[in-house]
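Note that the working numbering has the sequence shown beginning at 212, numbered continuously upward.
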Amino acid sequence: MPHVAVGANSFILSLSQYIEGREMPAVHGSVLQHQLTQIFEATALIDRASSAAEIIRQLRKSIERHGYAACLVTELPRQDTGSLDGHILVNGWPGEWYDHYMAAGHYRHDPCVALCRGAIGPFLWRDVHHGLTNGNARRVMDEAKEFGLCDGICIPIQDAFGDPACVTVAGREIDLAPTVRCTVHALARHAYSAAERLVGSSLGRPRQKLSQREREILQWVAGGKTAWEVSRILGISENTVTTHLRNIKQKLSTANVVHAIVEAFRRHEIEL
């Protein structure tokens, strides 16, 4: 498995710091609200999708302006099985690349799959490619470029109730601005949730509800307040607020605060 020190942890660091009020606090509220509005509009369309094809169409429509033209939502069986057959939830890869990938048996050697099966946070294809020493793994990445997939983002999904899964989005030239990455990440995970509801095998999975305090904190954050501001409003420490936010993300199976707000709103646990 390739070692990508930057990919899994610092990928959303700048945006996470921004959301927690450590950077640019003067514009925090308005920027977050604008970003959330865009995400809510897109997730509403994804939620209304009645087919896998419609999910991928709405996801692509929301992110293609940032250069992301290809999308894939899939469970990740062990790589020694050699194939994704029967595990893909939503296929938005270019047809020629999908056929070639399958025919060449690339799944067995795909370095992004190897990393996704254990990673927690999203990572960039370029970071994986940079550290490759295995010839077969490098061939997978190099041949993807030949089909117009020059760079991409993988969003791993680790779930205690099932197999690992992944949403990957890619294109020829992608926008990697922190706010764009966070938007892409949130929409990708939402597309996974929608695909799982429609075609996945984990329907009826038990959900953890947020506590009253967690809902209260997330409501304030959704309104544009920083962790420090919430701590002053509620009379608790900033560290307590950030601990609650971490627990909220775990309960909602989300990897950042923006997506936690989206998911909590979708579940009717907070209002906007």
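Note that CB positions come from ideal geometry on N, CA and C, so glycine has one too.
Note that this is a predicted model, so its numbers are computed, not measured.
Backbone CA spacing between residue i and residue j [nearest angstrom]
{"i": "residue 262", "j": "residue 407", "result": "11 Å"}
{"i": "residue 285", "j": "residue 341", "result": "24 Å"}
{"i": "residue 481", "j": "residue 436", "result": "15 Å"}
{"i": "residue 452", "j": "residue 398", "result": "25 Å"}
{"i": "residue 354", "j": "residue 479", "result": "44 Å"}
{"i": "residue 351", "j": "residue 378", "result": "17 Å"}
{"i": "residue 337", "j": "residue 248", "result": "30 Å"}
{"i": "residue 220", "j": "residue 332", "result": "Low local confidence applies: a pLDDT of 35 at residue 220 is under 50, so the model's placement there is unreliable, and no value is given."}
{"i": "residue 454", "j": "residue 308", "result": "43 Å"}
{"i": "residue 456", "j": "residue 474", "result": "13 Å"}
{"i": "residue 404", "j": "residue 346", "result": "35 Å"}
{"i": "residue 433", "j": "residue 425", "result": "12 Å"}
{"i": "residue 449", "j": "residue 290", "result": "43 Å"}
{"i": "residue 427", "j": "residue 447", "result": "12 Å"}
{"i": "residue 410", "j": "residue 470", "result": "22 Å"}
{"i": "residue 395", "j": "residue 265", "result": "17 Å"}
{"i": "residue 269", "j": "residue 255", "result": "10 Å"}
{"i": "residue 334", "j": "residue 445", "result": "35 Å"}
{"i": "residue 458", "j": "residue 279", "result": "31 Å"}
{"i": "residue 244", "j": "residue 483", "result": "10 Å"}
{"i": "residue 251", "j": "residue 267", "result": "16 Å"}
{"i": "residue 368", "j": "residue 287", "result": "10 Å"}
{"i": "residue 318", "j": "residue 297", "result": "13 Å"}
Exposure of residue i, with buried meaning 16 or more beta-carbon neighbours within 10 Å
{"i": "residue 464", "result": "buried"}
{"i": "residue 388", "result": "exposed"}
{"i": "residue 344", "result": "exposed"}
{"i": "residue 401", "result": "buried"}
{"i": "residue 467", "result": "buried"}
{"i": "residue 259", "result": "exposed"}
{"i": "residue 366", "result": "buried"}
{"i": "residue 294", "result": "exposed"}
{"i": "residue 292", "result": "exposed"}
{"i": "residue 443", "result": "exposed"}
{"i": "residue 357", "result": "exposed"}
Per DSSP, cross-strand counterpart(s) of residue i
{"i": "residue 281", "result": "381"}
CB contact below 7 Å: residue i versus chain B
{"i": "residue 301", "result": "No chain B is present in this structure, which holds just one protein chain."}
heavy atom of the ligand SAH below 6 Å from residue i C-beta
{"i": "residue 479", "result": "Among the components of this structure there are no ligands whatsoever, and the ligand SAH is therefore not found."}
Checklist entry - With a cut-off of 8 Å, do at least 3 Cβ pairs link the segment 351-366 to the segment 377-392? => result yes
Checklist entry - Which runs of the alpha helix (DSSP H), 4 residues or longer, sit entirely within the segment 285-337? => result 306-314, 322-327
Checklist entry - What are the complete alpha helix (DSSP H) segments, minimum 4 residues, inside the segment 349-403? => result none
Next on the checklist: Check whether the segment 323-334 and the segment 298-305 are in contact - that is, three or more C-beta pairs closer than 8 Å.
Outcome noted: no
Item to check | the segment 308-315 contacting the segment 259-275, beta-carbon criterion three pairs below 8 Å | outcome: no
Next on the checklist: With three or more C-beta pairs closer than 8 Å as the rule, is the segment 460-475 touching the segment 421-432?
Outcome noted: yes
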